[in-house]
Each structure stands twice: as C-alpha cells, then as structure tokens.
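Participant:
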Amino acid sequence: MQYVKLGRSGVKVSRIALGCMSYGDPAWRDWVLPEEHARPFFERALELGINFFDTADMYSLGRSEEITGKALRDLARRDEIVLATKVHAPMGDGVNQRGLSRKHILDGVHASLRRLGTDYIDLYQIHGRDPDTSMDETLGALHDLVRLGMVRYIGVSNHYAYQVARAQYLADLRGWSRFVSVQDQYSLLYREEEREMLPLCREEGIGFLPWSPLARGFLAGNRRGDEGQTTRGGSDVMSRHLFGSDADQEIVRRVDALAHEKGVTASQVALAWVLRQPGVTAPIIGATKAHHLEQAVAAVDLTLTDDEARSLEAPYVTRPSTLS
C-alpha cells in the first residue's frame with residue numbers, strides 16, 4: 000500500500016479508502032451487507048494496508064456507523080486509522096433533523112460519535128448543500144468542533160467549486176479551520192470535476208476523494224446497457240439514468256481491451272486511471288465481494304502509459320453536472 004498526505008494536512012491516508020455505505024441494514028438498500036457479512040471486509044482491508052474508512056450518518060440511518068465503529072474498535076488501534084463520516088442528510092422527520100445548521104451539526108456529531116464508539120472523528124464532512132443555512136454558520140460550527148477536539152479535520156462533499164472556494168476564503172477571513180478534502184463523483188465516465196474542482200484542489204492543497212470511481216459498476220463490467228448484473232445494479236435506477244450512452248459503452252470497451260492486454264481486470268484499469276490523475280488522493284471504493292478489495296489495492300501498483308490513458312479518455316462526451 001502507498002500512503003499520501005490528505006491535502007496540506009499532516010495526516011497520511013492509504014491510496015485506497017474503503018467506503019462503508021455497503022455495510023448496514025439490508026432493509027435500507029437490498030445490496031447492503033449486515034454486520035456478520037461486513038466484518039470480513041474490514042479485516043481484509045486492514046491486512047491490505049488500508050487505513051482510511053469513510054461512512055456517513057445517513058447510510059442505513061446510522062447502522063453503517065455502528066458496524067464500522069465496532070469492527071474498527073475490535074480490529075485496529077484507533078490511532079492507526081483515519082475515520083471519516085458525514086452530516087447533512089435527513090436523520091428523521093423533524094425540520095431540524097437535516098441540513099447544515101449549527102444545531103443539526105452539533106446534534107449530528109454527538110450522534111455519530113456515539114454510534115461510532117469513539118471520542119473523535121478524524122475527518123468530518125458536510126455531505127451536501129444547504130440553501131437555508133449560511134456558510135458562515137456552518138463553518139463556525141465545524142471550527143468549534145475542531146477546537147473542542149471532537150473533530151480533527153473537516154471536509155466537503157457534493158458542492159460546486161465556487162462554493163468550496165468561497166468557504167476557504169471565509170475560513171481564512173474568520174481564522175477558522177479550512178476544508179482539507181473534497182469528496183465528489185469522478186471516474187472515466189464522469190469527468191466534469193476536471194473543469195474547476197480538480198484545478199481548485201491542486202492550487203489550494205485540498206485532497207480530492209473520488210466517489211464512484213468505477214461509475215457505479217459500469218467500468219467493472221458489472222452492467223451492460225439497461226441490464227443490472229448485480230443486486231445493486233438491478234435496483235439502481237440512478238445508474239441507468241447516468242450511464243450507458245454510446246460514448247460510455249466505447250470507454251468500457253476500451254477499458255476491457257486494455258485490461259485483457261495487461262492481464263488484469265477492468266476495475267483495476269479504471270482505478271489506475273483515477274489514481275494517476277493529478278490531485279487525486281484516494282478513490283473511495285465499495286466492496287461486497289472479496290475480490291473487490293484485492294483488485295482495488297492491486298490497482299495502486301498498476302501503471303498506465305500516457306498513450307493508454309489518452310485512448311481511454313478520447314471517447315468521453317461532457318455531461319450535465321450531477322449536482323444540478
């Protein structure tokens with residue numbers, strides 16, 4: 000495993016992060032693994048050198064945090080792992096049980112700490128945009144959490160580049176904690192972050208954490224056209240809305256061909272492409288089968304030439320932002 004700094008912070012994370020949305024309550028999503036089936040993935044991730052684990056309060060409405068926290072308490076030393084979670088999505092029916100107000104952030108962090116069974120969160124991320132709350136209020140609350148030691152670093156997910164830039168400006172202006180990371184969608188099939196977000200992250204020293212680096216399974220060869228070949232693929236209507244164009248299919252074909260040529264899997268090629276992009280810190284991968292972890296970690300050592308990368312990129316057609 001390779002390790003890199005998370006943005007300009009001093010903390011070092013593995014080049015692959017394990018996303019924990021797949022572990023929780025199957026009643027929340029039919030492809031989610033319950034605790035007894037999830038635990039082996041934490042064991043193997045640690046054996047492979049992964050020290051970075053990402054979850055969110057909304058995943059299985061808190062059950063993912065409970066499973067993640069218990070597994071890591073049992074299997075790892077707390078000071079050897081980097082534990083990340085998020086706040087923003089509705090956690091109940093109440094009008095204040097969502098968003099990025101000071102109230103919900105403070106309520107949310109206490110609930111997450113309790114579910115995770117830890118005294119602090121390494122990376123606390125805002126999970127979306129809240130048009131009803133000023134960024135000043137949100138940043139002030141996050142800075143207080145850092146000052147109190149409840150949170151070590153703060154990050155942002157699913158925002159526009161101009162919003163992140165403005166937040167960093169406000170943090171500097173007020174003397175508050177800055178975001179050390181951005182978590183957004185990025186893959187060979189979704190490259191819109193190359194226009195503004197990735198350049199911003201490189202210039203500002205913000206770590207970039209791509210989610211869905213395999214385009215919800217399309218780049219791994221799990222789905223073809225409108226047919227879902229996995230449990231998640233069968234119920235993931237959003238993926239069929241996002242991916243499957245002629246350009247997407249051509250990229251998948253080229254990924255498959257290159258993987259065959261190199262004697263590796265399509266997912267390894269797709270991840271290797273993400274890992275070679277300037278500014279990328281650690282793709283967040285989901286794992287529900289043992290080989291998912293093995294292949295993701297193997298991709299860290301897979302090198303693509305410039306010509307190979309350009310061939311994979313060539314068919315891409317720009318698409319509307321998923322934040323729209």
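Residues 0 to 323 (numbering that gives the first Met the number 0) are what the sequence shown spells out, left to right. Where is the CB? At the ideal position from N, CA and C, for every residue including glycine. Here the structure is a predicted model, which is why all the values come from computation and not from measurement.
Excluding sequence positions up to five away, which residues of its chain have a Cβ less than 7 Å from the Cβ of lysine 69?
Facilitator: Gly116
Participant: Pick helix, strand or coil for isoleucine 80, following the three-state DSSP scheme.
Facilitator: coil
Participant: Which two residues bound the contiguous beta strand (DSSP E) that contains leucine 197?
Facilitator: Counting along the chain, leucine 197 falls outside any beta strand (DSSP E), though it belongs to the alpha helix (DSSP H) covering 196-203.
Participant: Please report the distance separating the alpha-carbon of isoleucine 153 from that of valine 108.
Facilitator: Isoleucine 153 and valine 108 have their alpha carbons spaced roughly 12 Å apart.
Participant: Residues in its own chain within less than 6 Å of leucine 122 by CB, not counting five upstream and five downstream?
Facilitator: Ala83, Tyr152 and Gly154
Participant: Counting only beta-carbon separations shorter than 8 Å, does glycine 93 have a partner in chain D?
Facilitator: Here there is only one protein chain, and chain D is not present.
Participant: Whole angstroms is fine: what's the gap from isoleucine 66's alpha carbon to serine 21's?
Facilitator: 11 Å
Participant: Determine the extent of the alpha helix (DSSP H) in which glutamine 167 is found, giving its start and end residues.
Facilitator: 160-173
Participant: Check whether the Cβ atoms of alanine 298 and leucine 292 sit closer than 8 Å, and answer yes or no.
Facilitator: no
Participant: Would a C-beta distance cut-off of 8 Å place serine 13 and valine 179 closer than the cut-off?
Facilitator: no
Participant: Please give me, in chain order, every unbroken run of the beta strand (DSSP E) with length at least 3 that falls completely inside the segment 233-311.
Facilitator: none
Participant: So is glycine 216 buried or exposed if we call it buried at 16+ other beta carbons inside 10 Å?
Facilitator: So glycine 216 counts as buried.
Participant: Considering only the alpha carbon of each residue, which of Asn157, Leu105, Ala170 and Gln182 lies closest to leucine 144?
Facilitator: Measuring from the Cα of leucine 144, the nearest candidate turns out to be Leu105.
Participant: Can you tell me the Cβ-Cβ gap for histidine 324 and serine 156, rounded? I've got them flagged as a contact below 8 Å.
Facilitator: Only positions 0 to 323 of the chain appear in this structure, which leaves residue 324 out of reach.
Participant: According to DSSP, is serine 186 helix, strand or coil?
Facilitator: Looking at serine 186 - three-state DSSP - the assignment turns out to be strand.
Participant: Where in the segment 30-106 do unbroken runs of the beta strand (DSSP E), each at least 3 residues long, occur, reported from the N-terminal end onward?
Facilitator: 51-53 and 81-86
Participant: Could you tell me whether the segment 43-63 touches the segment 300-307, where touching means 3 or more Cβ pairs closer than 8 Å?
Facilitator: Not touching, per the Cβ criterion.
Participant: By Cβ distance, which residues of its chain are closer than 7 Å to glutamine 1, with the 5 residues on each side in sequence left out?
Facilitator: If we look at glutamine 1 and ignore the five residues flanking it on each side, its Cβ neighbours are Arg14 and Val299.
Participant: DSSP on aspartate 338, reduced to helix/strand/coil?
Facilitator: The structure shown does not extend to residue 338, since the chain is modelled only from 0 through 323, so no value can be given for it.
Participant: Leucine 322: buried (16+ other C-beta within 10 angstroms of its C-beta) or exposed?
Facilitator: exposed
Participant: Grab me the residues of arginine 318's own chain with a C-beta within less than 6 Å of its C-beta, minus the 5 sequence neighbours each way, in chain order.
Facilitator: Annotation for arginine 318: no residue places its beta carbon closer than 6 Å to its own, counting only its chain and skipping 5 residues before and after.
Participant: Can you tell me whether aspartate 121 is helix, strand or coil according to DSSP?
Facilitator: strand
Participant: Rounded to whole angstroms, how far is the Cβ of valine 325 from the Cβ of leucine 257, which I believe are closer than 8 Å?
Facilitator: Because the chain here runs from 0 to 323, residue 325 falls outside it and cannot be looked at.
Participant: So is arginine 177 buried or exposed if we call it buried at 16+ other beta carbons inside 10 Å?
Facilitator: buried
Participant: Within 10 Å of its beta-carbon, does glycine 227 have 16 or more other beta-carbons around it, so buried, or fewer, so exposed?
Facilitator: Confidence at glycine 227 is low in this model, with a pLDDT of 48, below 50, so the placement of that residue is unreliable and no value is reported for it.
Participant: Based on the DSSP output, what are the partners of isoleucine 153 in its beta bridges?
Facilitator: Note: isoleucine 153 sits in a beta bridge opposite Tyr123 and Phe178.
Participant: Can you tell me which residues form a DSSP beta bridge with leucine 17?
Facilitator: Phe52 and Ile284
Participant: Compare the beta carbon distance of leucine 17 and threonine 280 with 8 Å and say whether it is the shorter of the two.
Facilitator: no
Participant: Give me the Cα-Cα distance between leucine 141 and alanine 313, rounded to the nearest whole angstrom.
Facilitator: Separation of leucine 141 and alanine 313 (C-alpha to C-alpha, rounded to the nearest whole angstrom) is 41 Å.
Participant: Specify the secondary structure class of glycine 216 as computed by DSSP and reduced to three states.
Facilitator: helix
Participant: Using the beta-carbon count (16 or more within 10 Å), is aspartate 245 buried or exposed?
Facilitator: Aspartate 245 comes out exposed.
Participant: Once the 5 residues before and after arginine 190 are set aside, which same chain residues still bring their CB inside 7 Å of it?
Facilitator: Tyr315
Participant: Hey, would you say glutamate 34 sits closer than 8 Å to serine 111, going by beta carbons?
Facilitator: The answer is no: Cβ separation not under 8 Å.
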